[in-house]
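Let me begin by presenting the structure, written as structure tokens, before commenting on it.
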Amino acid sequence: MDQHHEAQFREFVEARWQTLLRTAILLTGDQGRAEDLVQQTLVIVHRKWRTIGPGNATAYARAVLANESASWWRRRRYAEVSLSTPAGESAAQVHADPAAPDCRASQAGPPRRSLRSHSTPRP
Numbered sequence: 144m145d146q147h148h149e150a151q152f153r154e155f156v157e158a159r160w161q162t163l164l165r166t167a168i169l170l171t172g173d174q175g176r177a178e179d180l181v182q183q184t185l186v187i188v189h190r191k192w193r194t195i196g197p198g199n200a201t202a203y204a205r206a207v208l209a210n211e212s213a214s215w216w217r218r219r220r221y222a223e224v225s226l227s228t229p230a231g232e233s234a235a236q237v238h239a240d241p242a243a244p245d246c247r248a249s250q251a252g253p254p255r256r257s258l259r260s261h262s263t264p265r266p
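Residue numbers (the working numbering): 144 to 266.
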């Protein structure tokens, strides 16, 4: 990036850092995570600076901020899986019990298909 674009980007960061940080805090609920999110956002905005320019930078940064936050929540949701078992039971006992809610779906087999013909009109 040339010096002119670099100076524009620096001005953008100085002018919008606090606004982006407040938005990130609302999205994440955590000051430290919000600062990381703003930094990730600014890295992405910096890469695209020549394309977006200073006129569209704020809107683009907000969109990136929201998308990065959603991606983080998605990754976090799938990463946090409880592997604990009820007190006094082993994992084998819990998973061998057919009445256990976690096992019912896996032991039921594939869903049954309707025996109706495809040509039969549906009500």
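All residues carry an ideal CB built from backbone N, CA and C; glycine is no exception.
Here the structure is a predicted model, which is why all the values come from computation and not from measurement.
Q. Among residues of its own chain, excluding the 5 on either side of residue 161, which ones have a beta-carbon nearer than 8 Å to its beta-carbon?
A. none
Q) Within 10 angstroms of its Cβ, does residue 212 collect 16 or more other Cβ (buried), or is it exposed? A) buried
Q: Take residue 178 as the anchor and find which of 163, 187 and 215 has the nearest alpha-carbon.
A: 163
Q | Closest residue to residue 198 among 159, 209, 146 and 145 (Cα-Cα distance) | A | For the set 159, 209, 146 and 145, the Cα lying nearest the Cα of residue 198 is the one of 159.
**Q.** Assigned exposure category for residue 194 - 16 Cβ within 10 Å defines buried
**A.** It is exposed - the Cβ of residue 194 has fewer than 16 other Cβ atoms within 10 Å.
Q. Are residue 152 and residue 192 touching if we call contact CB-CB under 7 Å?
A. yes
Q | Rounded C-alpha distance that separates residue 156 from residue 185 | A | 8 Å
Q: Rounded to whole angstroms, what's the CA-CA distance from residue 175 to residue 148? Just pull it up for me.
A: 29 Å
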